[in-house]
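Numbering-wise, the sequence shown is residues 241 to 921 according to the numbering used here. Take a look at the structure below.
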Amino acid sequence: NYLLGVGRADCTGPVAEIPLMGYANPDQVGGGLLMRLYSRAFIVADFDDSRRVVFVSADIGMVSQRLRLEVLKKLKSKYGELYRQDNVILSGTHTHSGPGGYFQYTLFWITSKGLIRPSLNAIVNGIVKSIDIAHQNMKRGRLFINRGTVENSQINRSPFSYLENPASERSRYSSNTDKEMVMLKMVDENGQELGLISWFAVHPVSMNNTNHLVNSDNMGYASYLFEQEKNKGMLPGEGSFVAAFASSNLGDVSPNTKGPFCINTGESCNNPQSTCPVGGATMCMAMGPGNDMFDSTRIIGQNIYLKARELYEKASQEVTGPLSSAHQWVNMSDVSVELNATHTVKTCKPALGYSFAAGTIDGVGAFNFTQGSVEGDPFWDEIRDQLLGEPSNETKACHKPKPILFSTGEMTRPHPWHPDIVDVQIAAIGSLAIIAVPGEFTTMSGRRLREAVKREFDSHGTPRMDVVIAGLCNVYTHYITTYEEYQVQRYEAASTIYGPHTLSAYIQLYRGLARAIATNTVQDLPRGPEPPLFNIGNVTLVPPLTADRAPANKTFGDVLQEVRQQYQVREVAEVIFVGANPRNSAENATEHNFLTVERYVNTSDSWHVVQNDASWDTRFYWTKGLLGQSRVTIEWHIPHGTEPGIYRIRYFGHYRKKLSNNHAVSIPFEGTSSAFEITTL
């Protein structure tokens with residue numbers, strides 16, 4: 241029995257003009273909202289409250305070092321030594337449709353236009369708030385674990401790399417992806433349901449790189465369905481039940497289950513280079529199971545949700561036992577790994593290979609680089625040498641056979657381009673060990689890591705541990721492939737930044753943490769070198785906020801294009817308003833709703849909110865016009881099961897107004913559509 245607390249808080253941040261984080265596509269900037277992003281926090285404490293473990297899953301691309309350091313600083317000032325480096329795990333779901341700009345290492349500035357304070361602050365505050373809510377609601381409760389297979393929801397997007405792993409190893413597994421979901425269920429002592437955490441390995445990239453609406457992708461949709469079911473009668477984002485769908489070893493795992501096709505000719509491009517006969521690599525894209533990306537997100541998210549619900553309802557294996565956690569900082573550019581008694585190898589200073597620029601079949605790169613490049617290209621080498629400096633011979637040799645595109649570990653202006661100091665961390669909740677990994681382990685890398693950690697527990701008197709990998713935790717270090725996968729240098733291998741022995745180094749480090757937990761010697765682990773916190777203001781290419789303007793004879797919130805008078809279920813109600821920059825609202829209020837759908841209630845002669853901007857069925861589009869003018873389009877995709885009746889759509893915004901003394905203020909306004917009727921078919 242434990243003390244348990246769960247909490248959920250909004251961490252959406254600015255939904256316009258901020259580059260979205262994930263596809264590294266500078267054209268993919270936010271232009272509205274499909275679903276809100278949330279941080280979901282879970283606290284488990286001993287009965288005597290001597291030990292605690294916090295697990296947070298946030299609907300963001302990944303946790304950055306900057307984000308983690310700022311969250312822990314805030315927790316320390318609030319709670320003293322209660323929540324620390326070792327017992328707080330921060331994990332990102334890896335959605336590719338959340339705002340970027342929350343990184344301190346320079347590489348990530350290029351596509352996210354610098355360090356964007358409003359974006360960073362929204363995530364920091366959301367994570368801290370979710371932990372606050374969990375902290376304030378601790379009660380006695382029980383934990384149950386269950387596991388099961390999720391079908392039809394993933395493919396391996398680098399199957400040719402996977403085949404490089406030894407046949408003897410591959411023959412032990414039925415698939416080239418991990419289909420297993422692990423689910424932790426939380427109830428209080430009266431059997432009241434509190435929440436769940438599910439871990440499952442798939443990229444949340446059902447929404448592709450043409451999308452401009454902020455959303456939490458397939459994993460977020462699974463959370464949304466589970467929370468809507470359990471928090472009956474509540475709007476999305478409200479209610480006490482919290483369902484987190486967290487990331488795992490998803491490095492080479494795509495939800496785009498139809499596989500890669502040439503978008504120009506329609507033929508398959510499932511080849512080692514993921515390239516098309518006409519148009520090369522830029523034409524090779526993987527397709528999801530749906531008619532479009534929204535439909536694919538819904539299908540994959542629903543598959544994941546349905547399996548989690550089944551596992552949740554049948555969960556009977558109780559988790560009991562002590563809590564412990566172990567954390568170290570490690571200089572990953574300089575780890576010696578003992579492969580065996582005679583052989584020691586080393587990790588390298590970080591560097592990205594050519595195929596990093598190729599992207600993947602989920603989102604191709606910009607310059608027609610191809611995956612599987614083990615040779616450099618004199619043209620790009622020359623440009624790189626001029627702009628960024630040539631990699632040292634030592635780094636080139638260390639990373640072989642990777643041809644280096646960016647020698648990020650040797651690039652320090654204006655700040656280092658990549659981290660050297662990386663977090664390794666394990667938290668144990670009774671028989672469940674959560675390995676918090678700082679990036680994207682491929683399927684086979686994750687299997688090797690889990691197996692090594694389990695063996696370590698076994699051999700030190702802690703058998704039958706359930707070992708789960710939580711992905712994209714604490715600091716982002718791109719990908720971790722196996723040594724064999726590294727040799728063929730597809731995207732994941734080119735993005736294994738500490739060289740061919742990265743995985744071996746992590747296995748050695750996590751075994752050390754597992755041993756310390758199993759033998760109760762965590763206090764003897766060296767802390768390791770503390771990561772830097774660079775002194776950075778708001779360094780950004782995001783356009784500054786300017787005064788909003790309404791067209792002549794109109795005011796903010798006026799309707800430019802009205803709804804129809806009548807709709808049926810499954811149709812789309814659409815209204816266009818005179819808008820203002822949504823960033824004004826983000827800087828005013830974190831919990832700001834941009835829209836509501838309301839139903840007229842006869843008996844009380846009043847309007848009742850039935851949907852908000854976190855709803856899957858509503859879409860909020862912001863379109864920038866000239867001279868400070870903009871418009872907002874709100875769509876409501878009327879779902880099956882909507883009650884017939886009279887409805888309206890409302891829009892809430894803030895416009896920015898310049899005052900005489902050169903200060904600016906944000907002034908709230910709202911707009912309302914005409915009433916419309918929904919009729920039965």
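Ideal Cβ placement from N, Cα and C applies to all residues, glycine included. Predicted, not measured: the structure shown is a model, and the values here were computed from it.
**Study point:** Nonlocal neighbours in the same chain, by C-beta distance under 7 Å from G530, ignoring five residues either side
**Key:** Start at 1 with the first residue of the sequence shown, and residue 530 comes out as number 290. Closer than 7 Å at Cβ, skipping near neighbours: S536, R538, I539.
Review point. Should N241 go down as buried or exposed, given a rule of 16 or more other Cβ atoms within 10 Å for buried?
Key: Position 1 of the sequence shown holds residue 241. Exposed, by the Cβ-count rule.
Exercise for review: Determine contact between the stretch 430-450 and the stretch 399-409, defined as no fewer than three beta-carbon pairs at a distance below 8 Å.
Suggested key: Taking 8 Å as the limit for Cβ pairs, the verdict is that the stretch 399-409 does not touch the stretch 430-450.
Review point. On the three-pair Cβ rule with 8 Å, is the stretch 645-658 touching the stretch 341-353?
Key: Here the stretch 645-658 makes contact with the stretch 341-353; the two share three or more CB pairs at distances below 8 Å.
Practice item. Assign I300 to one of two classes, buried (16 or more other C-beta atoms within 10 Å of its C-beta) or exposed (fewer than that). Key: Along the sequence shown, one-based indexing puts residue 300 at 60. Classification for I300: buried.
Check your understanding: Do you know how far the Cα of G245 is from the Cα of M426?
Key -> For the purposes of this step, residue 426 is taken as residue 186 along the sequence shown, with counting starting at 1. For the purposes of this step, residue 245 is taken as residue 5 along the sequence shown, with counting starting at 1. Approximately 9 Å, taken between the alpha carbons.
Exercise for review: Can you give me the Cβ contacts of Q805 inside the same chain, cut-off strictly under 8 Å, excluding the 5 residues immediately before and after it?
Suggested key: As a first step, residue 805 must be located in the sequence shown, where it is residue number 565. Within the same chain, Q805 has close Cβ partners S914, F916, E917.
Check your understanding: Span of the beta strand (DSSP E) holding W847?
Key -> The sequence position of residue 847 within the sequence shown is 607, counting from 1. Per DSSP, the unbroken beta strand (DSSP E) holding W847 starts and ends at 846-852.
Check your understanding: Secondary structure at C251, three-state DSSP: helix, strand or coil?
Key -> Translated into the one-based positions of the sequence shown, residue 251 becomes position 11. Of the three classes helix, strand and coil, the one that applies to C251 here is coil, per DSSP.
Point to revise | Best match in I623, S564, L424 for proximity to L551 [C-alpha to C-alpha] | key: If you number the sequence shown from 1, residue 551 lands on position 311. Of the listed residues, the one whose Cα sits closest to L551 is L424.
Review point. Excluding sequence positions up to five away, which residues of its chain have a Cβ less than 6 Å from the Cβ of H639?
Key: By one-based count along the sequence shown, residue 639 stands at place 399. Residues of the same chain with a CB within less than 6 Å of the CB of H639, apart from the 5 flanking positions on each side, are C588, A591, G739 in chain order.
Practice item. Could you give the DSSP three-state label for V872: helix, strand or coil? Key: Walking along the sequence shown from the start, residue 872 turns up at place 632. If DSSP states are grouped into helix, strand and coil, V872 belongs with the strands.
**Study point:** Short Cβ contact (8 Å threshold) for L672 with V762
**Key:** Translated into positions along the sequence shown, residue 672 becomes position 432. Translated into positions along the sequence shown, residue 762 becomes position 522. Their beta carbons are not under 8 Å apart, which means L672 does not touch V762 by this criterion.
Check your understanding: What whole-angstrom Cβ distance do R688 and A787 have, given they're in contact under 8 Å?
Key -> Sequence index remark: in the sequence shown, residue 688 carries index 448 (1-based). Sequence index remark: in the sequence shown, residue 787 carries index 547 (1-based). Going by Cβ atoms, the distance from R688 to A787 rounds to 57 Å, so no, they are not a contact pair.
Practice item. Using only alpha-carbon positions, find the residue among K547, V662, M684 that is nearest to V677. Key: Position 437 of the sequence shown, counting from 1, holds the residue named residue 677. Of the candidates K547, V662, M684, the one whose C-alpha sits nearest the C-alpha of V677 is V662.
Point to revise | Under 8 Å between C-beta atoms of F697 and S556 | key: As a working mapping, residue 697 is identified with position 457 in the sequence shown. As a working mapping, residue 556 is identified with position 316 in the sequence shown. The beta carbons of F697 and S556 sit no closer together than 8 Å.
Check your understanding: For the candidate residues A733, A756, H877, whose alpha-carbon lies nearest to that of P766?
Key -> Translated into the one-based positions of the sequence shown, residue 766 becomes position 526. Of the listed residues, the one whose Cα sits closest to P766 is A756.
Point to revise | Residues bridged to M421 [DSSP beta-bridge criterion] | key: In the sequence shown, counting from the first residue as 1, residue 421 sits at position 181. DSSP, once it has assigned bridges, lists G388 as partnering M421.
**Study point:** Unbroken stretches of the alpha helix (DSSP H), 4 residues or longer, contained in the stretch 340-403
**Key:** Correct list: 347-352, 357-376, 399-402.
Check your understanding: What are the start and end residues of the alpha helix (DSSP H) that includes D535?
Key -> For the purposes of this step, residue 535 is taken as the residue at position 295 of the sequence shown. For D535, the uninterrupted alpha helix (DSSP H) run begins and ends at 533-554, by DSSP.
Practice item. Would you identify the three-state DSSP class for Q611, choosing helix, strand or coil? Key: On the sequence shown, residue 611 is found 371 positions in, with the first residue counted as 1. The answer is coil: DSSP assigns Q611 none of H, G, I, E or B.
Practice item. With DSSP collapsed to three states, give me the class of I747. Key: Residue numbering aside, residue 747 sits at position 507 when the sequence shown is read from its first letter. Of the three classes helix, strand and coil, the one that applies to I747 here is helix, per DSSP.
Check your understanding: Mind pulling the alpha helix (DSSP H) runs of 4 or more residues that sit fully within the stretch 801-842?
Key -> As far as the stretch 801-842 is concerned, its whole alpha helix (DSSP H) runs of at least 4 residues are 823-828.
Practice item. Take Q305 as the anchor and find which of G354, L773, V255, V707 has the nearest alpha-carbon. Key: As a working note, residue 305 is residue 65 in the sequence shown. Considering only alpha carbons, the answer is L773.
Review point. First and last residue of the beta strand (DSSP E) that includes R412?
Key: Start at 1 with the first residue of the sequence shown, and residue 412 comes out as number 172. Neither: R412 is in no beta strand (DSSP E) and is coded neither H nor E.
Check your understanding: Is it right to say V518 is buried, meaning 16 or more other beta carbons lie within 10 angstroms of its own, or is it exposed?
Key -> Here residue 518 is taken as the residue at index 278 of the sequence shown, counted from 1. Its Cβ having fewer than 16 others within 10 Å, V518 is exposed.
Check your understanding: Does DSSP put P771 in a helix, in a strand, or in coil?
Key -> For the purposes of this step, residue 771 is taken as residue 531 along the sequence shown, with counting starting at 1. Assigned with DSSP and collapsed to three states, P771 falls in coil, not helix or strand.
Check your understanding: With DSSP run on the structure shown, which of helix, strand or coil describes G431?
Key -> For the purposes of this step, residue 431 is taken as the residue at position 191 of the sequence shown. The answer is coil: DSSP assigns G431 none of H, G, I, E or B.
Point to revise | Paired residues, beta bridge with D663 - DSSP | key: In the sequence shown, the residue the question calls residue 663 occupies position 423. Within the DSSP bridge table, the entry for D663 names W569 as partners.
Point to revise | D764, buried or exposed, once every other Cβ within 10 Å from all chains shown has been counted against 16 | key: Looking up residue 764 in the sequence shown gives position 524. Burial call: exposed.
Check your understanding: With respect to the beta strand (DSSP E) encompassing S671, which residues constitute its N-terminal and C-terminal limits?
Key -> Taking the first residue of the sequence shown as position 1, residue 671 is located at position 431. Neither: S671 is in no beta strand (DSSP E) and is coded neither H nor E.
Check your understanding: Touching or not, the stretch 871-885 and the stretch 813-826, by the rule of three or more beta carbon pairs under 8 Å?
Key -> Contact between the stretch 871-885 and the stretch 813-826 is present: 3 or more CB-CB pairs across the two stretches fall below 8 Å.
Point to revise | Where Q478 sits in the DSSP three-state scheme | key: Along the sequence shown, read from residue 1 onward, the residue named residue 478 stands at position 238. Position check: residue 478 holds Glu in this sequence, whereas Gln was assumed. Here E478 sits in coil by DSSP.
Exercise for review: Please determine, among C516, S370, F343, M651, the residue with the shortest C-alpha to C-alpha distance to L627.
Suggested key: Here residue 627 refers to the residue found at position 387 when the sequence shown is read from its first residue. Ranking C516, S370, F343, M651 by Cα distance to L627 puts M651 first.
Review point. Would you say G341 and S352 are within 8 Å of each other, going by their C-beta atoms?
Key: As a first step, residue 341 is located in the sequence shown; it is residue number 101 there, counting from the start. As a first step, residue 352 is located in the sequence shown; it is residue number 112 there, counting from the start. Yes; because the gap between Cβ atoms is below 8 Å, this pair is in contact.
Review point. If you run the structure through DSSP and keep just helix, strand and coil, what is K897?
Key: Numbered from 1 along the sequence shown, position 657 holds the residue referred to as residue 897. Note: K897 maps to strand in three-state DSSP.
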